[in-house]
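Count along the sequence shown from 1, add 148, and you get the number used in my numbering.
Contents: one structure, followed by commentary.
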Amino acid sequence: MKPTLSDLEKLALEAGAILREGYNKEHTVHYKGTIDLVTEADHASEAFLLGEIKSRFPGGHILAEESGSIQGSNEDLWYIDPLDGTVNYAHHIPIFCVSIGFSTNRQMTLGVVYDPMRNELFAAERGKGAFLNSKRIQVSSITELEKSLLVTGFPYDTWDTELDNFKYFERLAKKTQGVRRLGSAALDACYVAAGRFDGFWEFKLKPWDVAAGGLIAKEAGGKVTAIDGRDDFLSAPLSILASTPGIYEAVKGQLS
Ligand code: IPD
Ligand code: CA
Ligand code: CA
């Protein structure tokens, strides 16, 4: 059975409730890398989502952050980030979400991102537009870099990678109204979709970070590609540039 957008929305709302419940409790933090960490909430949310998907929509492949790649038997592929913004969550900063993307025959068809602290549910179905709490959303109409507000993120191995993004951060911070760093790539893409930010870029992400958010930004009228311009922004080496069409080329020009 194929899931509907409403199926994904319900899954995200329930997983988000798990995150919200755990938010004010003491977190047990485990380190996957120096900065890359995981809490019990990541595991609880992912266990819930995988259990539901396997029992209600059997056969699909699943790419989930904490479990890795789970082999399926049909052409469906789920992208699960059970908690995007883990570092915020562990530090009691209320900026995080759950992100669920669904593709079939290599085409992203459904995407849902839920922020349980603001009760904001971003959702999109291929060809049908993007929505925030059931109201249609659209990217901004900005055409000048000087009037834009951007957002970005930095990789967990920022201490020892050449692609640490600082050069581009500085460059764009000096040419725009500012560059924010919220700590949740999925929300960054959705905030572009809602016209709050005019553009989002980031290097070295994982498919589950931006599968859903990328579709939502696209369906809201954004131009969404890899930073080198490739349409298939989910294939390696993964990077994303999601922006309102009016400044896409100008931002891209600064990222080379
Ligand atoms: C991270 C967030 C962050 C981004 C990192 C991601 P996580 O995901 O999306 O904004 O800068 O690159 O890994 O670890 O919180 O799921
Ligand atoms: Ca993530
Ligand atoms: Ca995560």
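Heads up, the beta-carbon is just placed ideally off N, CA and C, and yes, glycines get one too.
Shorter than 7 Å, the distance from the beta carbon of residue i to the closest heavy atom of ligand 2, or not?
i    : result
D229 : yes
E213 : yes
D357 : yes
A365 : no
A333 : yes
With a threshold of 8 Å on Cβ separation, who are the neighbours of residue i within its own chain once the five nearest residues in sequence on each side are excluded?
i    : result
N281 : N267, E268, L269
K323 : L293, E294, Q402
I166 : A189, A192, S193, F196
Residues in the same chain with beta-carbon distance under 6 Å from residue i, minus the five sequence neighbours each way, listed in chain order, please.
i    : result
I210 : I218, W226
F279 : A271
With a threshold of 7 Å (Cβ to nearest heavy atom), would residue i be considered close to ligand 3?
i    : result
D224 : no
D190 : yes
D308 : no
D380 : no
D232 : yes
Does the separation of the CB atoms of residue i and residue j fall below 8 Å?
i    : j    : result
S391 : G370 : yes
Q325 : K295 : yes
F317 : V327 : yes
V299 : R319 : no
Quick one: is residue i buried, meaning 16 or more other Cβ sit within 10 Å of its Cβ, or exposed?
i    : result
A384 : exposed
Y179 : exposed
W349 : buried
Among residues of its own chain, excluding the 5 on either side of residue i, which ones have a beta-carbon nearer than 7 Å to its beta-carbon?
i    : result
L382 : P355, A359
Could you tell me if the beta carbon of residue i falls within a distance shorter than 7 Å of some heavy atom in ligand 1?
i    : result
S193 : no
>> Assess contact between the segment 256-266 and the segment 150-161, defined as three or more Cβ pairs (one per stretch) separated by less than 8 Å. Is contact present?
In response: In the pairwise beta carbon analysis, the segment 256-266 is classified as touching the segment 150-161: at least three pairs are separated by under 8 Å.
>> With three or more C-beta pairs closer than 8 Å as the rule, is the segment 335-351 touching the segment 227-246?
In response: The answer is yes - the segment 335-351 touches the segment 227-246, with three or more Cβ pairs under 8 Å.
> Three or more C-beta pairs closer than 8 Å, one from the segment 342-351 and one from the segment 244-253: is that the case here?
Replying inline: In short, these stretches do not touch, since the Cβ pair count stays below three.
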